[in-house]
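See below for the structure under consideration.
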Amino acid sequence: MIPVQNTSDSPLLDVEEDDQKTNPSPCVLGNIPIIYYSILLGVGLPVNILTAVALSKLASRTKKSSYCYLLALTTSDILTQIFIIFVGFILQNAILHRKVPNAFIHMVSVLEFASNHASIWITVILTMDRYVALCLPLQYRSLSYPERTRKVIICVFLVSFVTGIPFYWWSDVWRDPRAPGLLDRVLKWVHCFLIYFIPCTIFLLTNSVIIVRLRRKAESKRYKLRIGKTTAILIGITTVFAVLWAPRTIVIIIHMYVSSIHKDWKVHLALDIGNMLALLNTAVNFFLYCFVSQRFRDTVREILGMQRAGHIAEGKKSQSDNFSDSLKPMEIPQATAI
0 MIPVQNTSDS PLLDVEEDDQ KTNPSPCVLG NIPIIYYSIL LGVGLPVNIL TAVALSKLAS
60 RTKKSSYCYL LALTTSDILT QIFIIFVGFI LQNAILHRKV PNAFIHMVSV LEFASNHASI
120 WITVILTMDR YVALCLPLQY RSLSYPERTR KVIICVFLVS FVTGIPFYWW SDVWRDPRAP
180 GLLDRVLKWV HCFLIYFIPC TIFLLTNSVI IVRLRRKAES KRYKLRIGKT TAILIGITTV
240 FAVLWAPRTI VIIIHMYVSS IHKDWKVHLA LDIGNMLALL NTAVNFFLYC FVSQRFRDTV
300 REILGMQRAG HIAEGKKSQS DNFSDSLKPM EIPQATAI
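Spelled out as structure tokens, the structure:
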């Protein structure tokens, strides 16, 4: 066993540790992250609130499980924007300059991770719901209905909060000069698997099965492959998530084994950019819904007073022809309500 000098008796080491604590790696982007997050919150929060109102109207009118899951996803995105963007970045960094008790930072971390887990795993549940609707149409009505959907959503939020509790001990990578310990590495690997590797694996497998099933049906019936609008929305959501969250996941793994964010400005810069891309995911779903669904656009116009409610009723039949396939299993006639 090699004896190690007590660091408390070494003034030189004390000076080095103090220098590490007081001189972390510089933020190369300067004030750009604060400006970016302020714009993201200023645009994303109102847009998500508008999305939630529109989806709640559609859910109450149609009684479709898909709208309930999309509403829950929007709610979790709103919580993510409040806890991570506003409290975690703007309030702590720009306003309070991180001069807050450590206990407050750790409590906010629990809420941040809980809302993040809820957002991602609601998308996983929506993916499974689409899989059952398209691949097991005869069982869909007995497995997916509003009462059960609400219970599933509540369970996902509760489990997400429970899984967020261990991240109370998540280290503050911006201020902590020490190398990640065993607990840090365990939490980071659990985080990467919970928010990226496991969900992306489910998305890839499930979406592949759905597309193959639709393609085979199109070939057997000899018509052009047509993907329903809810399925298109699902594929869009999961693809955007996989692309935007990949850089952050990679940087977290690099941070564990290669370099400290506190010491290396390159890793600091990479994590800044990774976080900015990942949180962009909370504000893009509204535009995806508008791009894909005419029914959603009409509901938004109605809420904003740009279109009379009676106009929607007049076009109800034509809209039903356009969108009923997006929320019904492909083996069930369009006249059958689900």
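Anchor point for the sequence shown: position 254 equals 253 in numbering that gives the first Met the number 0, and the numbering is continuous, going up by one each time. Beta carbons: idealized from backbone N, C-alpha and C, even for Gly.
Go through its chain and collect everything with a Cβ distance to residue i's Cβ below 6 Å, but skip five positions before and after it.
i: residue 62; result: 145
i: residue 7; result: Below a pLDDT of 50, predicted positions are generally treated as unreliable, and residue 7, at 38, falls in that range; the measurement from the model is reported next regardless. Excluding residues within five positions, none has a Cβ falling inside 6 Å.
i: residue 119; result: 194 and 198
i: residue 47; result: 73, 76 and 77
i: residue 269; result: 250
i: residue 152; result: 71
i: residue 44; result: 80
Roughly how far, in whole angstroms, is the beta-carbon of residue i from the beta-carbon of residue j, given that I think they are within contact range, below 8 Å?
i: residue 163; j: residue 109; result: 5 Å
i: residue 166; j: residue 186; result: 6 Å
i: residue 49; j: residue 299; result: 7 Å
i: residue 284; j: residue 79; result: Not confirmed; about 12 Å, so no contact.
i: residue 134; j: residue 236; result: Their Cβ separation, rounded to whole angstroms, is 19 Å, which puts residue 134 and residue 236 out of contact at 8 Å.
i: residue 205; j: residue 126; result: 5 Å
i: residue 291; j: residue 232; result: 5 Å
i: residue 276; j: residue 243; result: 5 Å
Which term fits residue i, buried or exposed, when burial requires 16 or more other beta carbons within 10 angstroms of its beta carbon?
i: residue 111; result: buried
i: residue 219; result: exposed
i: residue 149; result: exposed
i: residue 256; result: exposed
i: residue 60; result: exposed
i: residue 227; result: buried
i: residue 312; result: Its pLDDT being 48, under 50, residue 312 is placed unreliably in this model, and the value from its coordinates should be taken loosely. Counting Cβ neighbours within 10 Å, residue 312 comes out exposed, since fewer than 16 surround it.
i: residue 267; result: buried
i: residue 67; result: buried
i: residue 102; result: exposed
i: residue 280; result: buried
i: residue 278; result: buried
i: residue 168; result: exposed
Might you give, ordered along the chain, the residues of its own chain that have their beta carbon closer than 7 Å to the beta carbon of residue i, omitting 5 neighbours on each side?
i: residue 142; result: 131
i: residue 70; result: 51, 54, 55 and 58
i: residue 123; result: 198 and 201
i: residue 309; result: Interpretation of residue 309 is limited by its pLDDT of 49, a score under 50 that renders its predicted location unreliable; the figure taken from the coordinates is listed afterwards. Closer than 7 Å at the Cβ level, and outside the excluded window around residue 309, lies no residue.
Consider the C-beta atom of residue i and the heavy atoms of the ligand ATP; say whether any pair is separated by less than 7 Å.
i: residue 217; result: This structure does not include the ligand ATP; it has no bound ligands of any sort.
If I measure Cβ to Cβ from residue i and keep anything under 8 Å in the same chain, skipping five residues before and after, which residues do I get?
i: residue 40; result: 80, 84, 85 and 89
i: residue 106; result: 167
- Would you mind listing the alpha helix (DSSP H) stretches within the stretch 40-105 that are 4+ residues and don't spill past its ends, in chain order? For the alpha helix (DSSP H) assignment, the uninterrupted runs of no fewer than 4 residues enclosed by the stretch 40-105 are, from N- to C-terminal side, 64-79.
- Starting from the N-terminal side, write out each stretch of the alpha helix (DSSP H) that is 4 residues or longer and does not extend beyond the stretch 117-170. Secondary structure within the stretch 117-170: the alpha helix (DSSP H) runs of 4 or more consecutive residues, fully enclosed, are 136-142 and 145-163 (chain order).
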